[in-house]
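Visitor: The structure's right below; bear with me while I get my questions together.
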Amino acid sequence: MRKSSILLIIGLVILAVGAALNVAKIEPWGDYVLISGAVVVVIRGFIRNHERD
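Here numbering that gives the first Met the number 0 is used: the first residue of the sequence shown is 0, the next is one more, and so on.
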């Protein structure tokens, strides 16, 4: 499994946790977790562009 695939899975899990925190009305932490999940997914894009097949 490539690093980019692992980072995508981790980013999606973080985004799901952030969405659950926002639904549970845990406002400041939910927003921080959503932002960090989005950053992980963006970083995954940069890593994927630099990977060789």
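We treat Cβ as the ideally placed atom computed from N, Cα and C, and that holds for glycine. Everything numeric in this text was worked out from a predicted model, so none of it was measured.
Go to Arg43, then tell me how far its alpha helix (DSSP H) extends in each direction, as first and last residue.
Guide: Counting along the chain, the alpha helix (DSSP H) containing Arg43 begins and ends at Glu26 to His49.
Visitor: Between the alpha carbons of Glu26 and Val39, how many angstroms are there, rounded?
Guide: Looking at the two C-alpha atoms, the distance is approximately 20 Å.
Visitor: For Ala15, does the three-state DSSP call read helix, strand or coil?
Guide: Here Ala15 sits in helix by DSSP.
Visitor: Ordered along the chain, which non-local residues of its own chain (more than five positions away) have a Cβ less than 7 Å from that of Val20?
Guide: Inspection of the sequence shows that residue 20 is occupied by Leu rather than by Val. Trp28, Gly29 and Val32, listed in sequence order.
Visitor: Quick check: Arg72 and Leu6, are their CB atoms within less than 7 Å of each other?
Guide: Nothing about residue 72 can be read from this structure; the chain reaches only from 0 to 52.
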